[in-house]
Amino acid sequence: GSEPGPACYGLGGTSPAVTDADLMLGKLDPDNFAGGSITLDRRRAADALLDSLGKSLDMDALTSAYGLSEVVDENMANAARVHAVENGEDLSEYTMIAFGGAAPLHAGRLCEKLGVDRLLVPPGAGVGSAIGFLRAPFSFEANRSVYMRLTDFRPDTIRSLLADLESEATGFVRSCDANADIEAEFKAYMRYTGQGEEIPVVLTADQATQPDASTFQRLFEQDYITLFGRAVEGMDIEITVWSVNATTLAEKIEPVQTLPAGTTIPANGQRSIFDPAQGQSLESSVVLRAGLNPGDLVPGPAAITEDETTIILPRSRQAVRQSDGCIDVVQQAQEL
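Residue numbers for the sequence shown follow our numbering, so the first one is 79 and each next one is one higher.
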């Protein structure tokens, strides 16, 4: 972690961090942070927020924390909007998945901002990156920069180049897992002549072994239209980088039947948590994730706590614990 860290850690930090704001807003329990291994100092957090923001802007510590948190959440939401626009996607059609220690604290608010109906928080979300690292397929990507215009298309060169890259990538993966089944993905990074950035165009194995200029052009224009809405007629197309990614096969994942909302589970406690959409602190239920059974319902406003993270449910959301351990969060008015 950072040194000296948030002011509330009491390790010498004087500048407010997001953790300080989350503590002031009631998202974190000062006596049960990281499973109780760290006691957070609310006074130090308040002082840091007042010294850096509140005094100069004539705001109290809670309002300063609200402002800091909203800026952070809006920055994340705006990054998601930009990414969606660049890829021609509608975020409302997607499910958000929150993992990491801080993401479940903010994901409910991001769903409100982005119009995302559903949020999933998997088991072990606070250490999700470590779990993913251990369970993810092993892969290696081999790249080579060889410039070529479609008007100077050289099939033999491409065939040989991609074969060499496939051999390099699969050989490396094989050296780490000699008996694994391996699949290869071929890409050509393409752009219109004069542009500064390429887009990756995925090729099938047949297209890699039997390269054809008209096929490459068609694939590029399809992807370009998806990203930017239209192709550019009459412009030369060029390829700058070639890539082959070899990977072991991913685990087969069996679908899980979604459970409907069952009985509202009694709260383990109560605390005041600031709800940005309401502009005020609301008395909220505190529920232990470890105590949830499949089908248990937790309506917002609430905090679902565990050692590695806390899931914050705004008043607009409710959560059901699914059979695979995921916490399934949707809008209150929507059937789970």
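We put the beta carbon where it would ideally sit given N, CA and C, even for glycine.
Excluding its 5 nearest sequence neighbours in each direction, Arg237 has C-beta neighbours in its own chain below 7 Å: Thr287, Pro289, listed in chain order. In this structure, the beta-carbon distance from Leu146 to Ala99 falls below 7 Å. Cβ-Cβ distances below 6 Å link Ser223 to Val319 in the same chain, with the five nearest sequence neighbours on each side left out; the list follows chain order.
Within the model, the alpha-carbon separation for Asp242 versus Arg252 is close to 15 Å.
Around the Cβ of Glu332, a 10 Å sphere holds fewer than 16 other Cβ atoms; the residue is exposed. In this structure, Thr271 sits near Glu316, with a CB-CB distance shorter than 7 Å.
Within the same chain, Thr293 come within 7 Å of Gln285 by CB-CB distance, once the 5 residues on both sides are set aside.
In the structure shown, Leu192 adopts helical secondary structure according to DSSP, grouped into three states. In the same chain as Asn371, and ignoring 5 residues on each side of it, the C-beta atoms closer than 7 Å to its own belong to Arg399, in chain order. Note that the segment 128-135 does not touch the segment 207-219; fewer than 3 beta-carbon pairs, one per stretch, sit closer than 8 Å. In this model, Arg227 and Arg296 are separated by some 14 Å (Cα to Cα). One alpha carbon belongs to Ala155, the other to Val194, and they sit about 11 Å apart. Around Thr341, the same chain offers Gly373, Asp374, Leu375 as residues with beta carbons nearer than 8 Å, after the five sequence neighbours per side are excluded.
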